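> Numbering (the working numbering), first residue to last: 647 to 967.
From the three backbone atoms N, C-alpha and C, an ideal C-beta is built for every residue, glycine too.
Quick caveat, the model's predicted, so the values are computed rather than measured.
Pasting in a structure now, in structure tokens, and then I'll have a few things to ask.
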Amino acid sequence: MKPDITSALVFCLPNPVKARSTHRQICSIRRVSVAVRQQGDTFRNQIGQTKTSGVFTVPAGSTLSHEIAEILRGEILDQRYREGDRLPSERAMAARFNASRGAIREAFSQLEQLGIIAVLPGGARVRALNSASISVLGPLMARGVSPDLVLVRQFLQTFGSLAARNAREALVCADTAQMNCIREMIVNLDNENAGFSVAIPRWQRLLEYLAATADNLVIRLITNDLKAQFVAQMTALAIQPQIDKRAVAHTLMELRQSLPDRNGDRAAAAITTFFDALTESVVDACLPRHVPSARAGQQADAECSLPNLRREGRVDQPTRA
Numbered sequence: 647m648k649p650d651i652t653s654a655l656v657f658c659l660p661n662p663v664k665a666r667s668t669h670r671q672i673c674s675i676r677r678v679s680v681a682v683r684q685q686g687d688t689f690r691n692q693i694g695q696t697k698t699s700g701v702f703t704v705p706a707g708s709t710l711s712h713e714i715a716e717i718l719r720g721e722i723l724d725q726r727y728r729e730g731d732r733l734p735s736e737r738a739m740a741a742r743f744n745a746s747r748g749a750i751r752e753a754f755s756q757l758e759q760l761g762i763i764a765v766l767p768g769g770a771r772v773r774a775l776n777s778a779s780i781s782v783l784g785p786l787m788a789r790g791v792s793p794d795l796v797l798v799r800q801f802l803q804t805f806g807s808l809a810a811r812n813a814r815e816a817l818v819c820a821d822t823a824q825m826n827c828i829r830e831m832i833v834n835l836d837n838e839n840a841g842f843s844v845a846i847p848r849w850q851r852l853l854e855y856l857a858a859t860a861d862n863l864v865i866r867l868i869t870n871d872l873k874a875q876f877v878a879q880m881t882a883l884a885i886q887p888q889i890d891k892r893a894v895a896h897t898l899m900e901l902r903q904s905l906p907d908r909n910g911d912r913a914a915a916a917i918t919t920f921f922d923a924l925t926e927s928v929v930d931a932c933l934p935r936h937v938p939s940a941r942a943g944q945q946a947d948a949e950c951s952l953p954n955l956r957r958e959g960r961v962d963q964p965t966r967a
């Protein structure tokens, strides 16, 4: 049975207390306790379930400030506002979005958390993109119909470097049971004859196990962020890379031979070779859909150039100091 809060509070009453006074105070405390519980239930019902979008956790159905932040984030990433530009004032933004100035301030705060603006006494100014947090990687990837191939290449190379470091550290610190598990995973991959697309889950399990064995928290956190920003975008495109079978075979052979003497450098080099091949195959898989979209993007840029948009009043005029 849960302890009654009113019973606990009785011990806090001044002593001595007459019986009648004690009874009245207990009844009063119970009424207050019920009222507090009811208010708490009402508050929880108003908040409802939450969902996560990007780096912001918002109430179900989103909020106006979150929607405003998403619109402004897109305009900044599309360079409608460039580095050093001053965003319109809170009053102008409130009029544009038919929102309160409090909602605008909250939207600016969210953009500041992303690192793409700086809120200063003279107003909010756009920061350089390389000052932003990793959380803008996903929105950058989603800007067009096709992913930015430079970003795709940079992501896979970075992820490959982290995976290679995990492999090196895993072979150094793994115990006997863990080494046996790694060996079994590699053998199963080597026996896979159905093709790389079918073997992807097994590769994922191997890389995850190497990361868990290495137990490098910093790398785990970085890779978690990278995957959260990248994988969803690539999955939505249903890209099926056709990786070079010789590269896969070479990787598995090097991994097998690195195990007996726990040669972490050899294992790391094998993982690097694998990701080099994977990078080229993913970029090649993106090319058929990237080239037409690039032409379409050039036409769209001509039609929706910044001067035209501003002439039509569709974009606020940025100001510079």
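1) Any chance the region 723-742 sits against the region 753-769, with 3 or more Cβ pairs inside 8 Å?
2) Measure how close the beta-carbons of residue 848 and residue 835 come, nearest whole angstrom, since I'm counting them as under 8 Å.
3) State yes or no: is the C-beta of residue 719 within less than 8 Å of the C-beta of residue 772?
4) Whole angstroms are fine: how far does the CA of residue 732 sit from the CA of residue 854?
5) Report the residue from 769, 883, 768, 776 whose alpha carbon sits nearest the alpha carbon of residue 761.
6) Would you kindly check if the distance between the Cβ of residue 852 and the Cβ of residue 804 is under 8 Å?
7) Could you have a look at residue 769 and say whether DSSP puts it in helix, strand or coil?
8) Please classify residue 747 as buried or exposed, where buried requires at least 16 neighbouring CB atoms within 10 angstroms.
9) With distance defined between alpha-carbon atoms, name the residue in 843, 825, 917 nearest to residue 889.
10) My understanding is that residue 865 touches residue 808, with C-beta atoms under 8 Å, so please give their C-beta distance in whole angstroms.
11) What separation, rounded to the nearest whole angstrom, lies between the Cα atoms of residue 825 and residue 817?
12) DSSP beta-bridge partners for residue 763?
13) Count the other CB atoms, across all protein chains shown, that sit within 10 Å of the CB of residue 692; report buried if there are 16 or more and exposed otherwise.
14) In angstroms, rounded to a whole number, what distance separates the CA positions of residue 894 and residue 922?
15) Roughly how many angstroms separate the alpha carbons of residue 788 and residue 723, rounded to a whole number?
16) Report the rounded CA-to-CA distance for residue 951 versus residue 726, giving the unit in angstroms.
17) The alpha helix (DSSP H) spanning residue 855 covers which residue range?
18) Work out the CA separation of residue 794 and residue 840 for me, nearest whole Å.
19) Using only the alpha-carbon positions, how far apart do residue 833 and residue 765 sit?
20) Hey, out of 783, 734, 745, whose CA is closest to residue 627's CA?
21) Going along the chain, which residues of its own chain have a beta-carbon closer than 6 Å to the beta-carbon of residue 876, five neighbours each way excluded?
22) With C-beta atoms as the reference, is residue 882 less than 8 Å away from residue 900?
23) Between 891, 892, 712, which lies nearest to residue 758 when the distance is taken from Cα to Cα?
24) Return the CA-CA distance between residue 715 and residue 767, expressed in angstroms with no decimal places.
25) Would you kindly check if the distance between the Cβ of residue 932 and the Cβ of residue 798 is under 8 Å?
26) For the region 852-931, which segments carrying the beta strand (DSSP E) assignment without a break, of at least 3 residues, lie completely within its bounds, in sequence order?
27) Count the other CB atoms, across all protein chains shown, that sit within 10 Å of the CB of residue 976; report buried if there are 16 or more and exposed otherwise.
28) To the nearest angstrom, how far is the alpha carbon of residue 709 from that of residue 730?
29) Hey, out of 860, 926, 780, 903, whose CA is closest to residue 829's CA?
30) Secondary structure at residue 732, three-state DSSP: helix, strand or coil?
31) My output table needs one value for residue 838: the three-state DSSP class, helix, strand or coil.
Reading it off the structure:
1) Output reads yes: the region 753-769 touches the region 723-742.
2) In the sequence shown, residue 848 corresponds to position 202, counting from 1. In the sequence shown, residue 835 corresponds to position 189, counting from 1. About 5 Å; that satisfies the 8 Å criterion.
3) Within the sequence shown, residue 719 is the residue found at index 73, counting from 1. Within the sequence shown, residue 772 is the residue found at index 126, counting from 1. Not in contact: residue 719 and residue 772 (Cβ atoms no closer than 8 Å).
4) Start at 1 with the first residue of the sequence shown, and residue 854 comes out as number 208. Start at 1 with the first residue of the sequence shown, and residue 732 comes out as number 86. For the pair residue 854 and residue 732, the Cα-to-Cα distance works out to about 44 Å.
5) The count along the sequence shown starts at 1 and reaches residue 761 at position 115. Considering only alpha carbons, the answer is 776.
6) As a first step, residue 804 is located in the sequence shown; it is residue number 158 there, counting from the start. As a first step, residue 852 is located in the sequence shown; it is residue number 206 there, counting from the start. No, the pair does not count as a contact, with Cβ atoms beyond the cut-off.
7) Taking the sequence shown and counting its residues from 1, one reaches residue 769 at position 123. Three-state DSSP puts residue 769 in a strand.
8) Walking along the sequence shown from the start, residue 747 turns up at place 101. Flag for residue 747 reads exposed.
9) Taking the first residue of the sequence shown as position 1, residue 889 is located at position 243. Closest by alpha carbon: 843.
10) Translated into the one-based positions of the sequence shown, residue 865 becomes position 219. Translated into the one-based positions of the sequence shown, residue 808 becomes position 162. So it is a contact: roughly 5 Å between Cβ atoms.
11) In the sequence shown, residue 825 corresponds to position 179, counting from 1. In the sequence shown, residue 817 corresponds to position 171, counting from 1. Their Cα atoms are separated by approximately 7 Å.
12) Taking the first residue of the sequence shown as 1, we reach residue 763 at position 117. Paired residues: 772.
13) As a first step, residue 692 must be located in the sequence shown, where it is residue number 46. In this predicted model, residue 692 has a pLDDT of only 38, less than 50, meaning its place in the structure is not dependable enough to derive any value.
14) In the sequence shown, the residue the question calls residue 894 occupies position 248. In the sequence shown, the residue the question calls residue 922 occupies position 276. Each residue's alpha carbon lies about 11 Å from the other.
15) Along the sequence shown, read from residue 1 onward, the residue named residue 788 stands at position 142. Along the sequence shown, read from residue 1 onward, the residue named residue 723 stands at position 77. Rounded to whole angstroms, residue 788 to residue 723 spans 11 Å at the Cα level.
16) To locate residue 951, count along the sequence shown from 1; it is residue 305. To locate residue 726, count along the sequence shown from 1; it is residue 80. Annotation note: pLDDT 40 at residue 951 (below 50); position unreliable, coordinate value reported separately. Spanning the two alpha carbons is a distance of roughly 9 Å.
17) For the purposes of this step, residue 855 is identified with residue 209 of the sequence shown, where counting begins at 1. 842-860 is the extent of the alpha helix (DSSP H) around residue 855.
18) Along the sequence shown, one-based indexing puts residue 840 at 194. Along the sequence shown, one-based indexing puts residue 794 at 148. Going from the Cα of residue 840 to the Cα of residue 794 covers about 30 Å.
19) Here residue 833 corresponds to residue number 187 of the sequence shown, with the count starting at 1. Here residue 765 corresponds to residue number 119 of the sequence shown, with the count starting at 1. Going by the C-alpha atoms only, they are around 55 Å apart.
20) There is simply no residue 627 to check, as the chain begins at 647 and stops at 967 in what is shown.
21) The residue labelled residue 876 in the question sits at position 230 within the sequence shown. These residues qualify, in order along the chain: 801.
22) The count along the sequence shown starts at 1 and reaches residue 882 at position 236. The count along the sequence shown starts at 1 and reaches residue 900 at position 254. Not a contact, by the Cβ cut-off of 8 Å.
23) Looking up residue 758 in the sequence shown gives position 112. Answer by Cα proximity: 712.
24) Within the sequence shown, the letter at position 69 stands for residue 715. Within the sequence shown, the letter at position 121 stands for residue 767. One Cα belongs to residue 715, the other to residue 767, and the distance between them is close to 20 Å.
25) For the purposes of this step, residue 798 is identified with residue 152 of the sequence shown, where counting begins at 1. For the purposes of this step, residue 932 is identified with residue 286 of the sequence shown, where counting begins at 1. In contact: residue 798 and residue 932 (Cβ atoms closer than 8 Å).
26) none
27) Look at the range of the chain in this structure, 647 to 967, and you will see that residue 976 is not part of it.
28) Within the sequence shown, numbered from 1, the residue matching residue 709 stands at position 63. Within the sequence shown, numbered from 1, the residue matching residue 730 stands at position 84. Roughly 28 Å separates the two Cα atoms.
29) Along the sequence shown, one-based indexing puts residue 829 at 183. The option with the nearest alpha carbon to residue 829 is 903.
30) On the sequence shown, residue 732 is found 86 positions in, with the first residue counted as 1. Residue state, collapsed to three classes: strand.
31) Taking the sequence shown and counting its residues from 1, the one referred to as residue 838 is at position 192. Looking at residue 838 - three-state DSSP - the assignment turns out to be coil, as it is neither helix nor strand.
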